[in-house]
Amino acid sequence: MLISLAGLDKNPDASAEFAARSGGSAMLRAVALAGVSLVFAWALFGANKARVAEAHWTKARAVEEVLNQKDWQGSYEEYADLIGQASAATDNEPDNVNYRYWLNVYRWHSVSCIADPNTGTVIIPEQAMEFVHRVVKELHDARRVCPTYGAICSVVGQLEYFMLDDPNGADLIEKGFQLAPSDPTACFVAGLLDAEQGDAEASYAKLSRAVQLDGALFGDAVNLCVEGLDRPDLAVAMAGESPNRLSQVADALRATEEYKEVAEKVRAQVVDLLKKQCSEPDAPAAAFASLANVYVREGDHEAAIKLYRRALALDYSQIQWRFNLARLLADTGRIPEAIHEARIGLRLRPQFKAAEKLIADLSVSTGAAIEKSSSPKVP
Numbered sequence: 378m379l380i381s382l383a384g385l386d387k388n389p390d391a392s393a394e395f396a397a398r399s400g401g402s403a404m405l406r407a408v409a410l411a412g413v414s415l416v417f418a419w420a421l422f423g424a425n426k427a428r429v430a431e432a433h434w435t436k437a438r439a440v441e442e443v444l445n446q447k448d449w450q451g452s453y454e455e456y457a458d459l460i461g462q463a464s465a466a467t468d469n470e471p472d473n474v475n476y477r478y479w480l481n482v483y484r485w486h487s488v489s490c491i492a493d494p495n496t497g498t499v500i501i502p503e504q505a506m507e508f509v510h511r512v513v514k515e516l517h518d519a520r521r522v523c524p525t526y527g528a529i530c531s532v533v534g535q536l537e538y539f540m541l542d543d544p545n546g547a548d549l550i551e552k553g554f555q556l557a558p559s560d561p562t563a564c565f566v567a568g569l570l571d572a573e574q575g576d577a578e579a580s581y582a583k584l585s586r587a588v589q590l591d592g593a594l595f596g597d598a599v600n601l602c603v604e605g606l607d608r609p610d611l612a613v614a615m616a617g618e619s620p621n622r623l624s625q626v627a628d629a630l631r632a633t634e635e636y637k638e639v640a641e642k643v644r645a646q647v648v649d650l651l652k653k654q655c656s657e658p659d660a661p662a663a664a665f666a667s668l669a670n671v672y673v674r675e676g677d678h679e680a681a682i683k684l685y686r687r688a689l690a691l692d693y694s695q696i697q698w699r700f701n702l703a704r705l706l707a708d709t710g711r712i713p714e715a716i717h718e719a720r721i722g723l724r725l726r727p728q729f730k731a732a733e734k735l736i737a738d739l740s741v742s743t744g745a746a747i748e749k750s751s752s753p754k755v756p
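For the sequence shown, this note's numbering begins at 378 and goes up steadily by one.
See below:
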């Protein structure tokens, strides 16, 4: 060590070179540290933006759930809250294509919640068409962020083709289906396009896939088969051997003049399937309740009462079935039994208004009957 120090003392140039190197290394370390700090700060900034975006998005989804339960028939305030939260999420994460997609879906819902009560066709006021064009533009901008996001292609194609009469929308609908064959909306819209173009078989295949992915689309698919394609047979085929779905098909057919006879055949098929289910040892409670509903429509109240009792023996907590039973008992003159069933419903669901009213009405009529029967006869 002493020799080394002595050598350094005797070589001033070497000492200077060492100092220069040490200073350069320190500068490099400082620059590197500053770079790391900058990257770390940027990462923290990005993480915070993502956190804020997610918080807004959670609030938006909560409002969406409420509106979805009301079939999107929301108030101005609800839509303002929904779109405001979704916009805030998108502003904080502009490259999040999912946020951008749903923001514009929400915007579309806000202007399309009015429908013709007779046809179900969406009514867009003339002054709102500019807003529709804006939604289309925003969706095209979102496509540039992620060109392979199939749902965007499907929705923007649907708006262009069906709302703006732009034939180019058809290609986007097909592209959306190709990119997202497991998206129920993409499948349904592609089936709608096939129906518009007169290809019933292709439409049925895509509608069936849409229903398989999302059973909530079954009613819309049935209406399209019956009214759009004039093919009630496809609606029946789509229902399979499900009594509930076949009942929906029968209801849709009975609403038309030309298919009422077909509706009766489908209704008979429903009854046969339900009777078969109810005859099995492990028949579900819902099968008995569904068959009871059939007998109610046919006017056979006694058969319906027996079936509702069997259904409730298997599932005691079904309040609506119990209320239906109470009404049937009242209609057949069994007032004490009707009141008893309605009171059970009230115990299961306190402040059940329909049950309270039924009990009150039956109590009044029973009291009046007792008072009348006990009045002295005038000679």
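Just so it is clear, CB atoms sit at the ideal spot from N, CA and C, and this is done for glycine as well.
Counting of Cβ neighbours within 10 angstroms places Arg484 among the buried residues, the total reaching 16 or more. Sixteen is the threshold: when 16 or more other Cβ atoms of the shown chains lie within 10 Å of the Cβ of Lys583, as they do, the residue is buried. In this structure, the beta-carbon distance from Leu689 to Gln695 falls below 8 Å.
With respect to the C-alpha of Leu459, the residue from His486, Asn473, Asn475, Glu470 having the closest C-alpha is His486.
Between the alpha carbons of Ser489 and Val513 lies a gap of roughly 14 Å. One thing to note: Leu735 has its Cβ within 8 Å of the Cβ of Arg704. Lys552 is classed as buried because its beta carbon has at least 16 other beta carbons within 10 Å across all chains shown. Using a C-beta cut-off of 8 Å, the stretch 575-591 makes no contact with the stretch 538-548, since fewer than three inter-stretch Cβ pairs fall below that distance. The continuous alpha helix (DSSP H) containing Val509 extends over residues 506-522.
Annotation: Arg699 to Lys652 spans about 21 Å, alpha carbon to alpha carbon.
Across the structure, Pro561 and Glu714 are spaced so that their CA atoms are roughly 47 Å apart. Contact between the stretch 565-575 and the stretch 593-613 is present, with at least three C-beta pairs closer than 8 Å. Residue pairing for Val429: DSSP places it in no beta bridge. Where Tyr693 is concerned, there is no enclosing alpha helix (DSSP H), because DSSP gives it neither an H nor an E. With a cutoff of 8 Å on beta-carbon distance, Phe565 and Leu594 are scored as near each other. Only residues of its own chain outside the window of five on either side were considered, and among them Tyr526, Ile529, Cys530, Val533 have a CB closer than 8 Å to the CB of Arg520, listed in chain order.
According to the DSSP assignment, Lys447 belongs to no alpha helix (DSSP H), since it is labelled neither H nor E.
Counting C-beta atoms within 10 angstroms of its own C-beta, Ser624 has 16 or more neighbours from the protein chains shown and is therefore classed as buried. Proximity of the stretch 431-439 to the stretch 464-480 meets the contact definition, three or more beta-carbon pairs being nearer than 8 Å.
Contact between Val474 and Val522 holds, with the beta-carbon distance rounding to 5 Å and staying under 8 Å. Cβ atoms of Ala632 and Val599 stay farther apart than 8 Å, at about 11 Å. Residue pairing for Val532: DSSP places it in no beta bridge. Assignment of beta-bridge partners to Val566 by DSSP yields no partner. In the DSSP annotation of this structure, Val499 is not part of any alpha helix (DSSP H), being labelled neither H nor E.
Per DSSP, the unbroken alpha helix (DSSP H) holding Ile721 starts and ends at 712-725. The C-alpha of Val673 lies about 6 Å from the C-alpha of Ala681. When the five nearest sequence neighbours on each side are left out, the beta carbons in the same chain lying within less than 6 Å of the beta carbon of Val639 are those of Pro609, Leu630, in order along the chain.
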